[in-house]
Structure formats: structure tokens, C-alpha cells
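Engineer: Protein chains in written order, with this note's numbering: chain A, 76 to 324; chain B, 23 to 252; chain C, 50 to 291. My questions all concern the structure below.
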Amino acid sequence: MNYNWNWGIFFQTSPDGVHTYLTTLLMGTGWTLATGLAAWCLALALGSLVGVIRTAPSAWLVHLGNAYVELFRNIPLLVQMFLWYFVLPELLPSAAGDWLKQLPDASFYTAVVALGFYTSARVAELVRAGILSLARGQRMAALALGLTQPQAYAYVLLPMAFRIILPPLTSEFLNTIKNSAVALTIGLMELTARARAMQEFTFQVFEAFTAATVIYLMINIVVTFAMRALERRTAVPGFIGAAPQVATH
Amino acid sequence: MFSNFDFDVIVRSLPYLFYDGMTFTLTLTALATAGAIVFGTLLALMRLSGLPPVALPAAGYVNLMRSVPLVLMIFWFYFLVPYIGQWITGASRPIQVGAFVSSLVTFTLFEAAFFCEIMRAGIQSIPRGQVAAAQALGMTYPQTMGYIVLPQAFRNMLPVLLTQTIILFQDTSLVYVLSITDFLGAASKVAQRDGRLVEMYLFAAAVYFAISFAASLFVRRLQRRVAIVR
Amino acid sequence: MITISHVSKWYRDFQVLKDCSTDVEKGEVVVVCGPSGSGKSTLIKCVNGLEPFQGGTITVAGISVGDRKTDLPKLRARIGMVFQHFELFPHLTVTRNLVLAQVKVLGRGKMESEQRAMQLLARVGLADHARKYPGELSGGQQQRVAIARALAMDPIAMLFDEPTSALDPEMINEVLDVMVALAADGMTMMVVTHEMGFARKVARRVVFMDHGEVVEDAPTAEFFGQPRSERARVFLSKILQH
Numbered sequence: 076m077n078y079n080w081n082w083g084i085f086f087q088t089s090p091d092g093v094h095t096y097l098t099t100l101l102m103g104t105g106w107t108l109a110t111g112l113a114a115w116c117l118a119l120a121l122g123s124l125v126g127v128i129r130t131a132p133s134a135w136l137v138h139l140g141n142a143y144v145e146l147f148r149n150i151p152l153l154v155q156m157f158l159w160y161f162v163l164p165e166l167l168p169s170a171a172g173d174w175l176k177q178l179p180d181a182s183f184y185t186a187v188v189a190l191g192f193y194t195s196a197r198v199a200e201l202v203r204a205g206i207l208s209l210a211r212g213q214r215m216a217a218l219a220l221g222l223t224q225p226q227a228y229a230y231v232l233l234p235m236a237f238r239i240i241l242p243p244l245t246s247e248f249l250n251t252i253k254n255s256a257v258a259l260t261i262g263l264m265e266l267t268a269r270a271r272a273m274q275e276f277t278f279q280v281f282e283a284f285t286a287a288t289v290i291y292l293m294i295n296i297v298v299t300f301a302m303r304a305l306e307r308r309t310a311v312p313g314f315i316g317a318a319p320q321v322a323t324h
Numbered sequence: 023m024f025s026n027f028d029f030d031v032i033v034r035s036l037p038y039l040f041y042d043g044m045t046f047t048l049t050l051t052a053l054a055t056a057g058a059i060v061f062g063t064l065l066a067l068m069r070l071s072g073l074p075p076v077a078l079p080a081a082g083y084v085n086l087m088r089s090v091p092l093v094l095m096i097f098w099f100y101f102l103v104p105y106i107g108q109w110i111t112g113a114s115r116p117i118q119v120g121a122f123v124s125s126l127v128t129f130t131l132f133e134a135a136f137f138c139e140i141m142r143a144g145i146q147s148i149p150r151g152q153v154a155a156a157q158a159l160g161m162t163y164p165q166t167m168g169y170i171v172l173p174q175a176f177r178n179m180l181p182v183l184l185t186q187t188i189i190l191f192q193d194t195s196l197v198y199v200l201s202i203t204d205f206l207g208a209a210s211k212v213a214q215r216d217g218r219l220v221e222m223y224l225f226a227a228a229v230y231f232a233i234s235f236a237a238s239l240f241v242r243r244l245q246r247r248v249a250i251v252r
Numbered sequence: 050m051i052t053i054s055h056v057s058k059w060y061r062d063f064q065v066l067k068d069c070s071t072d073v074e075k076g077e078v079v080v081v082c083g084p085s086g087s088g089k090s091t092l093i094k095c096v097n098g099l100e101p102f103q104g105g106t107i108t109v110a111g112i113s114v115g116d117r118k119t120d121l122p123k124l125r126a127r128i129g130m131v132f133q134h135f136e137l138f139p140h141l142t143v144t145r146n147l148v149l150a151q152v153k154v155l156g157r158g159k160m161e162s163e164q165r166a167m168q169l170l171a172r173v174g175l176a177d178h179a180r181k182y183p184g185e186l187s188g189g190q191q192q193r194v195a196i197a198r199a200l201a202m203d204p205i206a207m208l209f210d211e212p213t214s215a216l217d218p219e220m221i222n223e224v225l226d227v228m229v230a231l232a233a234d235g236m237t238m239m240v241v242t243h244e245m246g247f248a249r250k251v252a253r254r255v256v257f258m259d260h261g262e263v264v265e266d267a268p269t270a271e272f273f274g275q276p277r278s279e280r281a282r283v284f285l286s287k288i289l290q291h
């Protein structure tokens, strides 16, 4: 195999003259995690809201929620990012559009928004499935006590629903972190982008990508353990939390 | 607001978009799905075999593919496949493979991990009594799997398999990072050449939406019709 | 025909079968009964190797079941088994359920297999349902098809694991009638069941099991008339109250 291995490449200085390649990879990891976390918060908030309205008694709210989910599920994430990054500024009035284009770290904010909306549709699916998997009697019991619909959701339905969907929710969280890599196409210098840059400058292809792979694996392990700890802490005694069957990517 | 936009550019570039771009996308989707289902089923059988030397590598492979972004895998295989080709054929230098072959290998191997988990769930959902009945009739393991378990598992998981195919179809857009001309790549090239980003990207989004949405409606109808009555 | 000799089986630390011995001669019908958890289902599943066992030996027509060198699929093809939950293959028609193993395991031709299938379906009274799917049949009908499926392999012996336990009361008789007819034709049968009426009518011997042991093994009349063990007496009094 005519490939020259050089694992010392990580300690060489990168073209920016200041950081070693290893440091640039770590900087990229920082952006990966920041994007993933911020997008996840957005996704959780929006997704929960949409998931709830899809189970509401009002038919038009359900349709609205369904339309939302269909929209964000049927367009590839990459295309959605392009829409937010390239198309949105052009559709806004010129002052707003120009401001958006001048924004420093525009690719970060765009990535967070795009990834947030994309993931929120998937979270909405899970939340809906979780609520529906609860016995119908739960909602009736809550209302019979005199709670309003919003109170029923807040105090009875959602607390159990979230515990039930914690495992697939963990999957979605990990997916969000991985999907941040797509933002390299709009200029976000996250981990995969940094690995690619390192490969382009040094030609040490396999060292660069191995490092990135190892870092993603470690992120995976840490998050999985943390979520399992969370599952244990929030478990309801005597209840076998059966996660509803939803296909996760 | 829309007066500055020239939607004619879409009409002009339709042949390029669909003959060059969409055929690449659809061919890649079809072939990668076929390969990934076959390989994924094999992985599922390995994981369920109960033999550690067979089950552990399969599990390791699946967990690796599910931990890493597809974008990174696309880069990995783009560089790795020529070396593998060199190793297999014993050539003196890495073999040049085209963009299509590299993408096909990437998507088949990557998505196989997800199809593996789907088939694993499907196989495990078949009641143990079915296996006992098949064995009681004297069928061997391959016969039991081939005639009794896998046919039922496939029927049960068909909607999920098709949904995963739709996801694969959308994922193919990521070949953009290698500047390959799939449907999105074609739209992007026209957009940049003619300076018509808004029109082209909106059109691309609409086309992806139409195809994915239609496919998912089909899957929903199918779900109601293929359920095996027990 | 079937010899069970000092068979013991552990499931992890728990001993499921304790030194069980009995036999079934050619043409004999032996009923195995006992309270739930007694190990009777496990014992019968050891006979065709569906369950492994750690101690003792089981031979069927001279072939040792526990021997590593034994070709189990080949042996199983010669022993028929009927399950509590029928276990018909839901994705295949009734005919195909009967034909599949004939073709793939015995290597018979398709025409011959289908003829045999129709013969057997007629014998169990279900010739009209040949093209239906299991899901379209009642429990009693499914179990009769299951019996036909096992018979299609021309077995030397038949094992029945609680064949009527999952049936609604009004369907039990149609299945028992088939089994009585089978016994009258001279089939060697080992039947795990609670149906004492069937036992009295057809069985030559009754084996009573409790907590993994064979407690009593006596000719039918003796078992029902003068059970030797206290446990058998208690069991009989509970069962026969109905």
C-alpha cells in the first residue's frame, strides 16, 4: 500500500500558523457540540409543542401539526440548510436580508435553525407516539378531576410520555449531533470540516478521518451513558417503559 | 417580491436536472437499497446467531456506522475504496473508481447498519413457536430461516423498510460534498452558473418533497394491506 | 419405539427434569399428565430434540436423540409433533403448509405431496379449506390442519403437547376425535394433556409427573382406579371435579 503513515501530523502547526492540527480538530468538535446542543434545545421546544397539538381534540390543530411534520420530513436536511442560508435572505425585505448576510458566524446560526426545525419534526413524531401510547383513561381521569386540557398535558400526560420516549429521544439527540456535519456545506468549521481541511492540506487522509471517527465515537459513548443515567433517575417504579415503535435513523 | 425571479431557468434546465441529476439519484437509491437490505439481513442473522465470534463483529460494525455522520463516511469511502480495489486486485497503485461506484459502496455499507436493525426487530418479532414447528418438521436452520422466518419478517417490516428507503433517497443529496452531479448537485450547478439560487433551490426542495411525500403516502396505504393475519 | 432413560435437565441452576424414565412401545398411546410446571411439556420436547437435556438418554427407533452425531433434522422428520398453539405458518395456505416440508425435507415431488396433502385434509375433515390461509380458520380447524401437517411426513410416532389447551370448549371434541381415530389406526402416540376422558378411552398407560419427576407410570385403569401415590390422588381429585 503506497500510503505514508504519519501519526505525528497532529502536532504540526496548521496553515493558520497558531494551532496544531489536533487543536483545530478540537475546535471543530466544540462547534459540533455547540451546534448539536443548540439545535436540540430548539427541536425539543418546537417538537414538543407540535407533538402536543397533533394530539389535541381540535381537528384543524391536528392538521396544522401534521402539515408541519410532513414539510420538514420530506425535504433532505441539506436542502433545508440551503433554503435557510441562500434563499431566506433573498426573500426578506432587502434591509433584513442584507443584515442576515453580514451576520458574523452566520453559518452557525443558520445551521442551528435549520437543524432545529428539521429535528423538531422528528421529535414531534416521538412526542405524539408517546402521548398516544398512554392509556386513554389517563386523559379522562385528569379532566374528570377538573383539570383543563393544558393542565392535563402539563401535569399528567407529558411527564409520562417523555419518560416513555426517552430511549428513542436519545437516538434523536445523537442524530442531531451527527447531522451538524451537514453544515460544512454552508461553511461551518465543525469537526468533519476540520478533518477534511486537514486532509486537504496534509494529504494524511486516514489519520485525519480516523481522529474524527474516534471523536464521534467518544461523543456517542458519553451521551449514551449520560442518557441512561437520566433514564434510571427518572424511572417510575413498577412501570415497564415500553418505547413506542417509531423508525429512527 | 417575486418580480426579480426568473423561474424560466427551471424550465430550461429540466433535461439536465432530470436526465443527469435525477437518474443518478434514483439509480443510486435503488441499487444501494437492494445491496443494503441483503447485507443488512446478513448482519442481522449474524447478530442473532448466538455465536460471539460472529455476532460481535457484526454488532461492532453496526454500532460504528450508527455513531458516525454519513458525511464523514462519504469522505472515508471516497479515499478508501481505491485502496481496497488495489488490495483486492493486487494492482501496483490505488484503483481509480468513479464517483458512482464510490457513492454506491458508501451508501450500501452505511445504510446496511440501519436495515440490519430493522430486520433484527422483524426476525425477533416472529414467535418462537414458528421456529419450533419448522424444526419439528425436520427443517434445517437455513430452511427454517429461508422458508418460514425471513418471509414473515420481511412482510412485517415492509413499511419500515420502505420508510428507510425514503430516508436513503433523501440522504443521497449528501454526495454534494464530493461535487457529484446528483439531482441536488445538478440544481446547484445551474444555480451557481446562472446566479439563480432562489429558484433552483426552491424547485429542488419542491421535487424532493413531492417524491418523498408521495412515497410515504404509498407506504401508509401498503401498511394497511400487507398485515399478516395471525 | 421411544425410550426415555434417567433423563435430567437443568435450566441454569434450576432442575427442570429429575431422572425421568418411561417408554412408549410401537402402537401404544401414552398420556402424560400433571400440574403445570411439572415438566411434562419440557419432557416431550426433549424427545425430538427441540429441548436439549444434560443427563440420561432418549432413543427413538434405536436412534439416540442426545448423541452429538445424530442428524436431528432427519430424525425430526420421522417424528410428528403437534403444538398447543397450532403453529401453522400464517403466510402459507393450508395446502402449502402441508406440502412445504414434504418437498423440502423429504424431497418428494410436488404432485405427490399435494395428493398426500389432500388425502390427509380429507382424513381430518377439512378438504374444503385447502386453499385458505390459517388466519381464516377457527382454532379447532387450525389444530386439525396441524395434525395433518405432521402426518404428511409419514411419521413413525406422534408427539402432542397439550393439543387442546388453547381451544374453546366446543372445539375440543373435533380435535380429540381425530386423535382417537389416529390411535385406532395404530399410531404410536405420546400425548401431554389434561383431557382425562381421552386418556381413559384411548391411552394404554398414564404417566403422572410432578415437580420434574415421574411420580407414577401405570396402566390406565389402574391409574384412575387406584392411584398409588398421594400426589396423583390429589391431582386426580382436582381434575375430575369438573
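All C-beta atoms, glycine included, are put in the ideal place defined by N, C-alpha and C.
To the nearest whole angstrom, what separates the beta carbons of G103(A) and M264(A), a pair I think is in contact under 8 Å?
Structural biologist: Here residue 103(A) refers to the residue found at position 28 of the first sequence. Here residue 264(A) refers to the residue found at position 189 of the first sequence. At roughly 6 Å, the Cβ-Cβ gap stays under 8 Å, so G103(A) and M264(A) are in contact.
Engineer: Straight-line CA distance for T130(B) to T55(B)?
Structural biologist: As a working note, residue 130(B) is residue 108 in the second sequence. As a working note, residue 55(B) is residue 33 in the second sequence. Looking at the two C-alpha atoms, the distance is approximately 7 Å.
Engineer: Output yes if chain C places a C-beta closer than 9 Å to the C-beta of Q192(B); else output no.
Structural biologist: On the second sequence, residue 192(B) is found 170 positions in, with the first residue counted as 1. So, not an interface residue.
Engineer: For P164(B), go through chain C and note every residue whose CB falls closer than 9 Å to its CB, in chain order.
Structural biologist: Locating residue 164(B) in the second sequence gives position 142, where the first residue counts as 1. By Cβ distance, chain C contributes nothing, its closest Cβ being about 10 Å from P164(B), past 9 Å.
Engineer: So I170(B) contacts chain C; which residues on that side make the cut at Cβ distance below 7 Å?
Structural biologist: What you label residue 170(B) is simply residue 148 of the second sequence in a count that begins at 1. The answer, in chain order, is F138.
Engineer: Following the continuous beta strand (DSSP E) through H138(A), name the residue where it begins and the one where it ends.
Structural biologist: What you label residue 138(A) is simply residue 63 of the first sequence in a count that begins at 1. Where H138(A) is concerned, there is no enclosing beta strand (DSSP E), although the alpha helix (DSSP H) it sits in stretches over A134 to R148.
Engineer: Count the other C-beta atoms from every protein chain shown that fall within 10 angstroms of the C-beta of L137(C), then say buried if there are 16 or more, exposed otherwise.
Structural biologist: Counted from its first residue, the third sequence places residue 137(C) at position 88. Counting Cβ neighbours within 10 Å, L137(C) comes out buried, since at least 16 surround it.
Engineer: Could you please tell me which residues of the stretch 91–107 of chain B, in chain order, have their CB closer than 7 Å to any CB of chain E?
Structural biologist: Here chain E cannot be found, since the structure's protein chains are A, B and C.
Engineer: Excluding the 5 residues flanking L196(B) on each side, which residues of the same chain have their C-beta closer than 7 Å to its C-beta?
Structural biologist: In the second sequence, counting from the first residue as 1, residue 196(B) sits at position 174. Here the set comprises L92, V93 and I96.
Engineer: At the level of alpha carbons, what is the spacing between T91(C) and L231(C)?
Structural biologist: Residue mapping note: residue 91(C) aligns to position 42 of the third sequence, counting from 1. Residue mapping note: residue 231(C) aligns to position 182 of the third sequence, counting from 1. If you take the alpha carbons of T91(C) and L231(C), they lie about 24 Å apart.
Engineer: How is L39(B) classed by DSSP in three states: helix, strand or coil?
Structural biologist: In the second sequence, counting from the first residue as 1, residue 39(B) sits at position 17. Note: L39(B) maps to helix in three-state DSSP.
Engineer: Looking at the secondary structure, which residues open and close the beta strand (DSSP E) in which L208(C) lies?
Structural biologist: The count along the third sequence starts at 1 and reaches residue 208(C) at position 159. Counting along the chain, the beta strand (DSSP E) containing L208(C) begins and ends at A206 to D210.
Engineer: Which of the residues in the stretch 203–229 of chain B, read from start to end, lie with their CB under 7 Å from any CB of chain A?
Structural biologist: So the list reads L206, L219, V220, Y223, L224, A226 and A227, given in the order they occur along the chain.
Engineer: With DSSP collapsed to three states, give me the class of P319(A).
Structural biologist: On the first sequence, residue 319(A) is found 244 positions in, with the first residue counted as 1. With a pLDDT of 37 at P319(A), under the threshold of 50, the predicted position of this residue should be treated as unreliable, and no value is reported.
Engineer: Which full runs of the alpha helix (DSSP H) of 4+ residues lie inside the stretch 110–164 of chain B, going along the chain?
Structural biologist: Entirely contained in the stretch 110–164 of chain B, the alpha helix (DSSP H) runs reaching 4 residues are, in chain order, 121–146 and 150–158.
Engineer: Can a CB atom of chain B be found closer than 9 Å to the CB of R271(A)?
Structural biologist: By 1-based counting over the first sequence, the position of residue 271(A) is 196. At least one chain B Cβ lies under 9 Å of R271(A).
Engineer: For S195(A), which residues in the same chain have their Cβ closer than 6 Å to its Cβ, ignoring the five residues on either side in sequence?
Structural biologist: Counting from one through the first sequence, the residue named residue 195(A) turns up at place 120. Cβ within range, chain order: A118, L121 and G122.
Engineer: Within the 9 Å Cβ cut-off, does F284(A) reach chain B?
Structural biologist: Your numbering for residue 284(A) matches position 209 in the first sequence. Yes, F284(A) counts as interfacial toward chain B.
Engineer: Compare the C-beta of P79(B) against all C-beta atoms of chain C and say whether one is closer than 9 Å.
Structural biologist: Numbered from 1 along the second sequence, position 57 holds the residue referred to as residue 79(B). With 9 Å as the cut-off, P79(B) does not count as an interface residue toward chain C.
Engineer: Start and end of the alpha helix (DSSP H) containing E165(A)?
Structural biologist: Taking the first residue of the first sequence as position 1, residue 165(A) is located at position 90. Where E165(A) is concerned, the enclosing alpha helix (DSSP H) stretches over L163 to L166.
Engineer: May I have the straight-line CA-CA distance separating Y230(A) from G191(A), to the nearest angstrom?
Structural biologist: Numbered from its first residue, the first sequence carries residue 230(A) at position 155. Numbered from its first residue, the first sequence carries residue 191(A) at position 116. Each residue's alpha carbon lies about 26 Å from the other.
Engineer: Exposed or buried, which one is L266(A) when buried takes at least 16 other CB atoms within 10 Å?
Structural biologist: Sequence index remark: in the first sequence, residue 266(A) carries index 191 (1-based). Answer is buried; the Cβ neighbour count reaches 16.
Engineer: Judging by CA-CA distance, which residue of Y223(B), I188(B) and V123(B) is the nearest neighbour of F157(A)?
Structural biologist: The residue given as residue 157(A) occupies position 82 in the first sequence. Minimum Cα distance to F157(A) is reached at Y223(B).
Engineer: Out of F99(B), M141(B), I140(B) and A154(B), point me to the one whose CA is closest to E100(C)'s CA.
Structural biologist: In the third sequence, counting from the first residue as 1, residue 100(C) sits at position 51. Nearest of F99(B), M141(B), I140(B) and A154(B) to E100(C), Cα basis: A154(B).
Engineer: Which two residues bound the contiguous beta strand (DSSP E) that contains Q164(C)?
Structural biologist: As a working note, residue 164(C) is residue 115 in the third sequence. Run containing Q164(C): none in the beta strand (DSSP E); it sits in the alpha helix (DSSP H), K159 to R172.
Engineer: Let's test the definition: count the other Cβ atoms within 10 Å of the Cβ of G205(A) and tell me whether it reaches 16, buried, or not, exposed.
Structural biologist: Against the first sequence, residue 205(A) aligns to sequence position 130. With 16 or more other Cβ atoms within 10 Å, it is buried.
Engineer: With the cut-off set at 9 Å, would you say L216(C) and Q192(C) are in Cβ contact?
Structural biologist: One-based indexing of the third sequence puts residue 216(C) at position 167. One-based indexing of the third sequence puts residue 192(C) at position 143. Yes; because the gap between Cβ atoms is below 9 Å, this pair is in contact.
Engineer: Distance cutoff 9 Å, beta carbons only. Does N79(A) sit that close to anything in chain B?
Structural biologist: By 1-based counting over the first sequence, the position of residue 79(A) is 4. No, because no Cβ of chain B sits closer than 9 Å to the Cβ of N79(A).
Engineer: Between M236(C) and A206(C), is the Cβ-Cβ spacing less than 9 Å?
Structural biologist: Position 187 of the third sequence holds residue 236(C). Position 157 of the third sequence holds residue 206(C). Closer than 9 Å, so yes.
Engineer: Between which residues of its own chain and A226(B) is the CB-CB distance below 6 Å, once the five residues before and five after are set aside?
Structural biologist: On the second sequence, position 204 is the one that residue 226(B) refers to. Answer for A226(B): L206 and A209, listed in chain order.
Engineer: Have a look at T309(A) and A199(A) and give me their C-alpha separation to the nearest angstrom.
Structural biologist: Locating residue 309(A) in the first sequence gives position 234, counting from the first residue. Locating residue 199(A) in the first sequence gives position 124, counting from the first residue. Spanning the two alpha carbons is a distance of roughly 21 Å.
Engineer: Identify which residue in R215(B), I189(B), A175(B) and F231(B) has its Cα closest to the Cα of T63(B).
Structural biologist: Locating residue 63(B) in the second sequence gives position 41, where the first residue counts as 1. Answer by Cα proximity: A175(B).
Engineer: Could you check the C-alpha separation between L200(C) and G129(C) for me, to the nearest Å?
Structural biologist: For the purposes of this step, residue 200(C) is identified with residue 151 of the third sequence, where counting begins at 1. For the purposes of this step, residue 129(C) is identified with residue 80 of the third sequence, where counting begins at 1. Rounded to the nearest angstrom, the two C-alpha atoms are 7 Å apart.
Engineer: Let me confirm a value: L220(A) is counted as buried when at least 16 other C-beta atoms fall within 10 Å, else exposed. Which label applies?
Structural biologist: Here residue 220(A) is taken as the residue at index 145 of the first sequence, counted from 1. Exposed.
Engineer: So, S241(C) versus F209(C), is the Cβ gap smaller than 9 Å?
Structural biologist: For the purposes of this step, residue 241(C) is identified with residue 192 of the third sequence, where counting begins at 1. For the purposes of this step, residue 209(C) is identified with residue 160 of the third sequence, where counting begins at 1. The question names Ser, but residue 241(C) in the sequence shown is Val. Yes.
Engineer: With distances taken from CA atoms, which of R246(B), T166(B), T49(B) and M141(B) is nearest P122(C)?
Structural biologist: In the third sequence, counting from the first residue as 1, residue 122(C) sits at position 73. Among R246(B), T166(B), T49(B) and M141(B), the Cα nearest to that of P122(C) belongs to T166(B).
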